[in-house]
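**Student:** Pasting a structure here, questions to come.
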Amino acid sequence: MILKQRLKVPPPIHQFSKTLDKNLATSLFKMLLKYRPEDRAEKKERLLKRAQAEAEGKTPEVKKPIIVKYGLNHITYLIEQNKAQLVVIAHDVDPIELVVWLPALCRKMEIPYCIVKGKARLGTIVHKKTASALCLTSVKNEDKLEFSKILEAIKANFNDKYDETRKKWGGGVMGSKSQAKAKAKERILAKEAAQRMS
């Protein structure tokens, strides 16, 4: 942590320290929880019902569910195909190289993206320990209004500020002792300059 403050951090990596604000993140996670993929027990139950229906001679209607997508390769494919509507990236992915290019790709394809705190928090949504990124391809009609509001806020915070973040370096903050030394040095130099002038 201290090393990150001291060293100069290039903009593509520094952008991961700016995360979504708490209120917006809460409403976003509420939305994502509505589209959680099924866990093993739910899948087993669904397949049992389907098998029973088929045994009775009925052909059950199978609708493709609207769920949160995960997995970097899958998300990349969805972004490239312009199917993704929102991409959520974790701020603490290690190694960061796995996701460092995602914001640039999202901006190129004009897809809203945001950086949120916690890969573990993203993982709980998809029944995993961690998830580096999640993606929504569509939402139900009843959620469309709320979803569009979230998208607007996210676009304003991330997509529209991309040029700003692309130029902003991080780190380079010295410790208190080093700062005191630098100030003392400046004072001495200023004194010498004043003496020369007089």
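Letter by letter, the sequence shown follows residues 639 to 836 in this note's numbering. Backbone N, C-alpha and C fix where the C-beta goes; we use that ideal spot for every residue, glycine too. Since the structure is predicted, the reported quantities are computational estimates derived from the model, not experimental observations.
Which whole-angstrom value is the C-beta distance of Val700 and Tyr673, which I expect to be below 8 Å?
**Tutor:** Position 62 of the sequence shown, counted from the first residue, corresponds to residue 700. Position 35 of the sequence shown, counted from the first residue, corresponds to residue 673. 18 Å between Cβ atoms; not a contact.
**Student:** By how many angstroms is the C-alpha of His765 removed from the C-alpha of Val811?
**Tutor:** Counted from its first residue, the sequence shown places residue 811 at position 173. Counted from its first residue, the sequence shown places residue 765 at position 127. Their Cα atoms are separated by approximately 39 Å.
**Student:** Go through its chain and collect everything with a Cβ distance to Ser776's Cβ below 8 Å, but skip five positions before and after it.
**Tutor:** Reading the sequence shown from its first residue, position 138 is the one you call residue 776. Hits under 8 Å: Ile704 and Gln723.
**Student:** Cutting at 6 Å between CB atoms, please list the residues of its own chain near Phe785, excluding the five before and the five after it.
**Tutor:** If you number the sequence shown from 1, residue 785 lands on position 147. Result list for Phe785: Val777, in chain order.
**Student:** Determine the direct distance from the alpha carbon of Gly756 to that of Asn797, and round the result to whole angstroms.
**Tutor:** As a first step, residue 797 is located in the sequence shown; it is residue number 159 there, counting from the start. As a first step, residue 756 is located in the sequence shown; it is residue number 118 there, counting from the start. Rounded to whole angstroms, Asn797 to Gly756 spans 20 Å at the Cα level.
**Student:** Grab me the residues of Gly808's own chain with a C-beta within less than 7 Å of its C-beta, minus the 5 sequence neighbours each way, in chain order.
**Tutor:** If you number the sequence shown from 1, residue 808 lands on position 170. Closer than 7 Å at Cβ, skipping near neighbours: Val647, His652 and Ser655.
**Student:** In whole angstroms, give me the CA-to-CA distance for Pro649 and Lys806.
**Tutor:** As a first step, residue 649 must be located in the sequence shown, where it is residue number 11. As a first step, residue 806 must be located in the sequence shown, where it is residue number 168. Taking the straight line joining both Cα atoms gives about 5 Å.
**Student:** Going by DSSP, what residues sit across from Ala771 in a beta bridge?
**Tutor:** Along the sequence shown, read from residue 1 onward, the residue named residue 771 stands at position 133. Paired residues: Ile727.
**Student:** Beta carbon of Ala771, beta carbon of Val737: below 8 Å?
**Tutor:** Your numbering for residue 771 matches position 133 in the sequence shown. Your numbering for residue 737 matches position 99 in the sequence shown. Their beta carbons are under 8 Å apart, which means Ala771 touches Val737 by this criterion.
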